[in-house]
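Peer 1: Below is a structure I'd like to ask you about.
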Amino acid sequence: MDSQIALILIEDGIASGAIYALLALTMVLVFATTRILLVSQGEFVTFAALSFASFQLGVTPQIVWLLGALAVIVSVWDSVDALREGLGRRIPSILAFNLLLPAAVIALSLWAAPLKPPVLVQAALSVAIVTVLGPLVYRVAFQPVASSSVRTLFVIAIALHFVLQGFGLLFFGAEGFRADPLLDIDISLGPVLIKGQAILSLATLAVLTAGLYAFFEFTLLGKALRATAINRVGARIVGIRTPLAGKMAFALSAFVGGVSGILAIGSTTIYYDSGFLIGLKAVLGAICGAMLSYPIAIAGSIGVGVLEALAAFWASAFTEAVVFSALVPVLLWLSLYAAPTEEGHEL
Amino acid sequence: MRLRGLLIIAALIIAASLFLPPFYITLANYVGLASIVVLGLVLLGGAGGLMSFGQAAFVGLAAYATAYLTLSYGLSPWLTLPVGLVLTGILAYVLGALTLRLTGHYLPIGTLAWSISIYYVFANVPALGKHDGLADIPGLSLFGLQLNSGRGFFYLIWAVVLLAVVSIENILDSRFGRAVRSGGRTTPMAEALGVDTARVSMAIFVYAALLAAVSGWLYAHFLRFVNPTPFGLSASIEYFFMTVIGGATSTWGAIVGAVFYIIGKQWLQTLIPALTGRVGQLDVIVFGLIIVGILHYARQGMVPFVLQWMPRRRPRDVDTNAEPLRRRAQPQAGTELLRVANVEKRFGGLAAVNGVSFDIRAGEIVALIGPNGAGKTTMFNLITGVAPQTAGEVSFCGQSLRGRRSRQVLQQGVARTFQHALLRPHMSVLENVALGAHTRGRSGIARAALRLDRREERQLLGEARRQLERVGLGDVMHVQADSLPLGKQRVVEIARALAADPLLLLLDEPAAGLRYEEKVSLAKLLTGLRAEGMTLLLVEHDMEFVMNLVDRLVVMDFGEKIAEGRPDEVQANPRVIEAYLGGVDECLPLKRAG
């Protein structure tokens, strides 16, 4: 391997690592606010990517019907709850968020798909579908048991992976899709040819990281999420509605997953089950920072991407085996240097 | 009675084999193979609180090991079984060593990653047949009898299932089993009772992996074909789901979960294509939803959910004639037992304990008192090794306790109770107290599984019963611990600490939450203990209780010792009055201080 190939591999690795980093960021965020290790975030990646592929074919992605069904279920559920608690005045806002918003996205998708709108509009619609889906999923799967142990929540996240992947197969079929890169230019930089897709991934990572930083630092909602992350009970006492924080975290998680999906399908073929492995690689990145540190999660994810690219070059059949075995040294390091204190917590 | 249950089940299995058509025999074999794996998960998760998403990979490791060795080297399957077991055991040990030290989600993530890695290894190594796998694996012969048919394997597989059930029930009903159920690293209690939690976790993790390996070996010779698919991550997740469905806290739940899942899957895979016209693994949606539903509405799973409506099994009597356990020699009254010298504990900039010194002599009752936040419980934690001190020295019987963990401190002869009673809620009172005697036995997982621990077990339970009778709770020993009122739970904690045969007993607010009569009998109990030569150190807020009971008091305030002496001396000490009563304006009655 000469330096030319090494540079190309590292560039590829950084490009896919940027996608893992995006996901890892939101994984840490979701874990902090809800204590859910959302291994099924990858399904949002798949859903957005395959929706995007459907739009490119001029077809409405069938996943909107899952969105519709969940919207109805959650609207009814929340309205009944509100009435029982004598909070009927909340119903309009419940319906606005849980019924009208999804309905608008569904209607737009149905209307726009046959018209083959510009690529950016297709991408935006695909991301919108999953972003609206995220909080509904949280509402149904996690909110009723939000105070359970980390373990229980983890098992639910795994079960959710089964359910969502099954729906992925149902609505998109077993066939894989690939879309044209959003930014189809190559820039020559001395000996290196930088692909537009790589620039786009890194730029997205930079913009979204900055955006998340601003959100948490300068907005009330962001501060509420941070407060929930630091102390759930305390946050509730000062009047932050923790279900709202959970839904916000899931909306962000789904949004970022969706964006990653659009980026990913530009450079690789996506199947109904591709998202799970992508998500797990992001988990590896996030674990490097012990699910706590955002910067280490980003660095770890980019490391995962580079390792993957190198492994694919040397032993392509064993790429996944190599990538997931990389967890071993990480765990070793964590258990030697970052082991949690003796006084454990009832998990 | 247990034997009768097993005989009934064995009879049922034989009867089933005679009447079931071949298709169902095959299905029953798959159920049996899965049950063996799931039983390991019951021990691991339901009892030990650990989660593994890597069991299918252990199954695959043993299956591929035997397939490769029998095909390439013509080894007998009976030779490849130990090879597979050793290989699996080593890998499980390494994985466990990497993840078990870390809390919560690292074991599931670690096993998950390992599951994915090994799958791609199976699927890409040419010698293992890549994605096509290995075919024509020999069948098994047992005592010259060829097990070619499904029916022959049916007996073998279900015999193994029964053995696994018996071994796990034996393990759970033992000294080691109580340690497994002691909550491990999630609570400071287990280590404080002398349980080596890391070792216990490792033992059950390896045992669960070995069960999976046996299942994999049987699988390879039953099917006579292996390929990577049944050993991937999805399969591991499915084993886990069977555990959740059947009920992770019940051995029979493992089998019920496997039956439900495998038959349900079979049924769905014919039903869904008929309904939707689509092929593919859509059954995962249904099972995923079932799991979410179970975790929302019936978290304990099917078998425990049903069992809660059934009459409880009558608890076994405790043999009162068991030979008593050996006791430590109590030190001569008046010799120095515990010495605390200039001990300091800082949390960041806050000094919770600041340069405190005192000592305790054998045969006395000393109380550590002080207003809330004075650092009394922190002092307890420093003495018992639950938390390390920042500076200073604690020594017991002349030996420094520096760097000792709570388990080792207990072995030296210092037992304690906790401020908020920490009993294992779902274990009986007797079992909770027997857990206290953990360090006085030595039987581990193997002796427990083989029932070689019965003599020691009788001694331990006998000791637990004696201690319960000593504190006056002999009549509730078979009651589940969390059904006792809080006051009695505290007394159970004292019995549990006594079961460790300590030289020094540390009691953290023993009288809190007790009614007047209970306090009187507690005081009587403690004086009785002193008369037998026991030394006691207690933290207490109830001044009336303390003043009538103790020989000496150490008073702390804001992390510092402000006074020490006989009750009457301390009561007259101006600094103590100042600390408790504050300024002249806020006059609180002494008894309610704190």
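As they're listed, the protein sequences go chains A and B.
According to the working numbering, the first sequence is numbered sequentially starting from 120.
According to the working numbering, the second sequence is numbered sequentially starting from 1037.
Glycine included, every Cβ here is placed at the ideal spot set by N, Cα and C.
Note that the coordinates shown come from a computational prediction; the quantities given were computed from them, not determined experimentally.
1) Counting only C-beta atoms, is Val375 of chain A closer than 8 Å to chain B at any point?
2) Could you tell me which residues DSSP puts in a beta bridge with Arg1382 of chain B?
3) Report all residues from its chain with a CB closer than 6 Å to the CB of Ser245 of chain A; omit the five preceding and five following residues, and keep chain order.
4) Any contact between the stretch 1568-1575 of chain B and the stretch 1383-1399 of chain B? By contact I mean 3 or more CB pairs, one from each, below 8 Å.
5) Return no unless some Cβ of chain B is closer than 8 Å to the Cβ of Pro254 of chain A.
6) On the DSSP letters alone, give me the boundaries of the beta strand (DSSP E) that Ser1431 of chain B sits inside.
7) Answer with buried or exposed for Lys1560 of chain B, where buried requires no fewer than 16 other C-beta atoms within 10 angstroms of its C-beta.
8) Look at the alpha carbon of Ile1193 of chain B and the alpha carbon of Ile1154 of chain B, and state the distance between them as a whole number of angstroms.
9) Are the beta-carbon atoms of Glu439 of chain A and Ser135 of chain A separated by less than 8 Å?
10) Going along the chain, which residues of its own chain have a beta-carbon closer than 7 Å to the beta-carbon of Val1073 of chain B, five neighbours each way excluded?
11) On a CA-only basis, which of B:Ala1531, B:Val1067, B:Gln1607 and B:Ala1244 is nearest Gly1082 of chain B? Give me that one, please.
12) Mind listing the chain B neighbours of Leu289 of chain A? Cutoff is C-beta to C-beta under 9 Å, in chain order.
13) With DSSP as the reference, label Ile155 of chain A as helix, strand or coil.
14) Can you give me, in chain order, the residues of the stretch 268-280 of chain A that have a beta carbon less than 7 Å from any beta carbon in chain B?
15) What three-state label does DSSP hand Leu1574 of chain B in the structure shown?
16) Going by alpha carbons, who is nearest to Arg1460 of chain B out of B:Glu1492, B:Ala1427 and B:Arg1532?
17) Residues in its own chain within less than 7 Å of Leu1458 of chain B by CB, not counting five upstream and five downstream?
18) Report the neighbours of Leu1097 of chain B on chain E: residues whose CB is nearer than 7 Å to its CB, in chain order.
19) Rounded to a whole number of angstroms, what is the C-alpha to C-alpha distance between Leu1626 of chain B and Gly1523 of chain B?
20) For Ala1547 of chain B, which option in B:Ala1423, B:Asp1209, B:Gln1525 and B:His1257 has the closest C-alpha, if you only look at C-alpha atoms?
21) Interface residues of chain A around Ser1112 of chain B at Cβ under 8 Å?
22) Measure the beta-carbon distance from Val1280 of chain B to Ile1330 of chain B and round it to whole angstroms, keeping in mind my assumption that it falls under 8 Å.
23) Does the beta carbon of Pro263 of chain A sit closer than 8 Å to a beta carbon anywhere in chain B?
24) One question on the structure: do Asn217 of chain A and Ala247 of chain A come within less than 8 Å of each other, judged by their Cβ atoms?
25) Could you round the C-beta distance between Thr361 of chain A and Thr338 of chain A to whole angstroms and report it? I think they count as a contact, below 8 Å.
26) With DSSP as the reference, please indicate the residues paired to Gln1435 of chain B in a beta bridge.
27) Go ahead and pull the three-state DSSP assignment for Leu122 of chain A.
28) Do Gly1283 of chain B and Gly1337 of chain B have their CB atoms nearer than 8 Å?
29) Give me the chain A residues within the contact set of Met1238 of chain B, using Cβ-Cβ distance strictly less than 9 Å, ordered along the chain.
30) Which residues, taken in chain order from the stretch 148-169 of chain A, show a beta carbon closer than 9 Å to some beta carbon of chain B?
31) Taking contact to mean 3 or more Cβ pairs, one atom from each stretch, closer than 8 Å, check whether the stretch 1579-1592 of chain B and the stretch 1603-1613 of chain B are in contact.
32) Indicate whether Val311 of chain A and Leu126 of chain A have their beta-carbon atoms separated by less than 8 Å.
33) Determine, using beta carbons only, whether Leu324 of chain A comes closer than 8 Å to chain B.
34) Is there a Cβ of chain B sitting closer than 8 Å to that of Ile313 of chain A, yes or no?
35) Our contact map puts Phe1581 of chain B next to Ala1410 of chain B with C-beta atoms below 8 Å; I'd like the distance itself, whole angstroms only.
36) For Gly1180 of chain B, count the other beta carbons within 10 Å of its own beta carbon; 16 or more makes it buried, fewer makes it exposed. Which is it?
Peer 2: Taking the geometry as given:
1) no
2) B:Ala1387
3) Ala167, Ser170 and Phe171
4) yes
5) no
6) Ala1427 to Phe1432
7) exposed
8) Straight across, the Cα-Cα distance linking Ile1193 of chain B with Ile1154 of chain B is about 25 Å.
9) no
10) Gln1091, Val1095, Leu1247, Ala1248, Ser1251 and Tyr1275
11) B:Ala1244
12) Those are Thr1312, Arg1314, Gly1316, Leu1318 and Ile1321, listed as they occur along chain B.
13) It is coil, neither helix nor strand.
14) Val269, Arg270, Thr271, Phe273, Val274, Ile275, Ile277, Ala278 and Leu279
15) Leu1574 of chain B falls in the strand class under three-state DSSP.
16) B:Arg1532
17) Thr1223 and Met1225
18) The chain labelled as chain E is not found among the protein chains of the depicted structure, namely A and B.
19) At Leu1626 of chain B, the pLDDT of 49 sits below 50, so the modelled position is not reliable; the number obtained from the coordinates is stated separately. Each residue's alpha carbon lies about 22 Å from the other.
20) B:Gln1525
21) None at all; the shortest Cβ gap to chain A is about 31 Å.
22) 6 Å
23) yes
24) no
25) Between Thr338 of chain A and Thr361 of chain A the Cβ distance is about 18 Å, and since that is not below 8 Å, they are no contact.
26) B:Phe1432
27) The question names Leu, yet the displayed sequence has Ser at residue 122 of chain A. DSSP places Ser122 of chain A in helix when its eight states are reduced to three.
28) When the beta-carbon positions are compared, Gly1283 of chain B and Gly1337 of chain B come within less than 8 Å of each other.
29) Result: empty, since nearest Cβ-Cβ is about 13 Å, beyond 9 Å.
30) Cβ contacts with chain B: Phe150, Leu156 and Val158.
31) Touching, yes, given that three or more Cβ pairs across the two stretches are closer than 8 Å.
32) yes
33) So, not an interface residue.
34) no
35) Not quite, the Cβ-Cβ distance comes to about 18 Å (not below 8 Å), so this is no contact.
36) exposed
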